[in-house]
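A.B. asks:
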Amino acid sequence: MSSPLPPIVSEEKWRSALEEQIAREKAHTRERDRLNAARRRLPMTEVRTDYVFDGPQGEATLLDLFEGRRQLIVYHFMFGPDWEAGCDGCSWVVDAMTHPAHLNARDTTLVLVSRAPREKLIRYQARMGWQHPTWYSSLNSRFNQDMGVTSCHCDAPGTDRGERHGISVFLRDGERVYRTYFSGKRGVEYLGSLWTYLDLTPYGRQEAWEDSPPGWPQTPPYVWNRRHDEYET
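Going by the numbering used here, the letters in the sequence shown line up with residues 1174 to 1406, in that order.
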């Protein structure tokens, strides 16, 4: 049995319906711009715990995850210590992640963090064919628990074992690190392009058209972005 089709109308009626739909979508875009402007004005809280991660270069601190940049986006990838494979939904999210050079050009680093040991992360990363982003294990710290993505019931029976996905955003001021934003559940459906990742950060896209607080870094649009192999280090 074939699938049902949308209504078939004349081109005139189709264009009329399309214009109505585009008008609603433009209103949605303007509302999203207002939400992003409000996000750039959120207060933040200092992270005072000295977390330890296991990464490609060995032991790392939360400050190390920034790689010297001002902003850090952490995707909390569901992968428990005793799991044999990472979460399938989180894998969808990482499949859609783009080349990091464009985020780096906006002083932003994107990483993955999971509780599984580094050896399992390496094997799964190879299986998925992912070259980036950098993936860290938080097995030897309370980072996941403190960020609210691993519950105290992490050893309880069940498919998720107390793990949940989410995304945290951090801002660095010298040696001090602040958490500025968190979203989980369907909030991560918003991810998938460079623009949507930057929209989550305190500085946003850093383009002059944005409604940002005075003094925020901004440049004209369409002049900063390059091919990913054309950025200066």
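Ideal Cβ positions, reconstructed from N, Cα and C, are used throughout, including at glycine.
Where does W1389 fall in DSSP's three states?
C.D. replies: W1389: coil per DSSP, three-state reduction.
A.B. asks: Measuring only the C-alpha atoms, how far is W1308 from Q1379?
C.D. replies: So the alpha carbons of these two residues sit roughly 26 Å apart.
A.B. asks: With DSSP collapsed to three states, give me the class of S1356.
C.D. replies: In the structure shown, S1356 sits in a strand (DSSP, three-state: E or B).
A.B. asks: Using CA coordinates, which residue listed in R1279, P1393, M1301 and G1321 is at the minimum distance from A1258?
C.D. replies: When each option's Cα is compared against that of A1258, the closest is M1301.
A.B. asks: Reducing DSSP to helix, strand and coil, say where V1266 ends up.
C.D. replies: If DSSP states are grouped into helix, strand and coil, V1266 belongs with the helices.
A.B. asks: Could you give the distance in angstroms between the alpha-carbon of Q1318 and the alpha-carbon of P1180?
C.D. replies: Their backbone Cα atoms lie some 50 Å apart in a straight line.
A.B. asks: Given E1198, which residues of its chain have a CB within under 7 Å of its CB, disregarding the five upstream and five downstream residues?
C.D. replies: Counting only Cβ-Cβ distances below 7 Å, and skipping sequence neighbours, we find nothing.
A.B. asks: Considering only C-alpha positions, which residue in the set S1264, L1235, K1293 and S1366 is nearest to G1253?
C.D. replies: Looking at the Cα atoms, K1293 is the closest of the given residues.
A.B. asks: Check for me: the beta strand (DSSP E) holding I1181 runs from which residue to which?
C.D. replies: No beta strand (DSSP E) contains I1181, which DSSP labels as neither H nor E.
A.B. asks: Take H1401 as the anchor and find which of N1277, G1388 and D1372 has the nearest alpha-carbon.
C.D. replies: Closest option to H1401, Cα to Cα, is N1277.
A.B. asks: Taking DSSP as the reference, what is the three-state secondary structure of A1200?
C.D. replies: DSSP places A1200 in helix when its eight states are reduced to three.
A.B. asks: Quick check on this structure: which residue in C1260, R1205 and D1206 has the alpha carbon closest to the alpha carbon of H1338?
C.D. replies: It is C1260.
A.B. asks: Tell me whether D1402 sits in a helix, a strand or coil according to DSSP, three-state version.
C.D. replies: In the structure shown, D1402 sits in coil (DSSP, three-state: anything other than H, G, I, E or B).
A.B. asks: Under DSSP, the alpha helix (DSSP H) around E1292 begins and ends at which residues?
C.D. replies: Its alpha helix (DSSP H) spans residues R1291 to M1301.
A.B. asks: Just to confirm, are L1235 and Y1224 a CB contact at a threshold of 8 Å?
C.D. replies: Contact: yes.
A.B. asks: With DSSP collapsed to three states, give me the class of R1345.
C.D. replies: Here R1345 sits in strand by DSSP.
A.B. asks: For Q1244, which of helix, strand or coil comes out of DSSP?
C.D. replies: If DSSP states are grouped into helix, strand and coil, Q1244 belongs with the strands.
A.B. asks: To the nearest angstrom, how far is the alpha carbon of S1183 from that of T1323?
C.D. replies: Their Cα atoms are separated by approximately 54 Å.
A.B. asks: Check D1227 in the structure and name its three-state DSSP category.
C.D. replies: Correct three-state label for D1227: strand.
A.B. asks: Tell me, to the nearest whole angstrom, how far the beta carbon of F1343 is from that of R1349; I am working on the premise that it is less than 8 Å.
C.D. replies: That belief does not hold up - the Cβ atoms of F1343 and R1349 are roughly 11 Å apart, past 8 Å.
A.B. asks: Helix, strand or coil, according to DSSP, for S1189 in the structure here?
C.D. replies: If DSSP states are grouped into helix, strand and coil, S1189 belongs with the helices.
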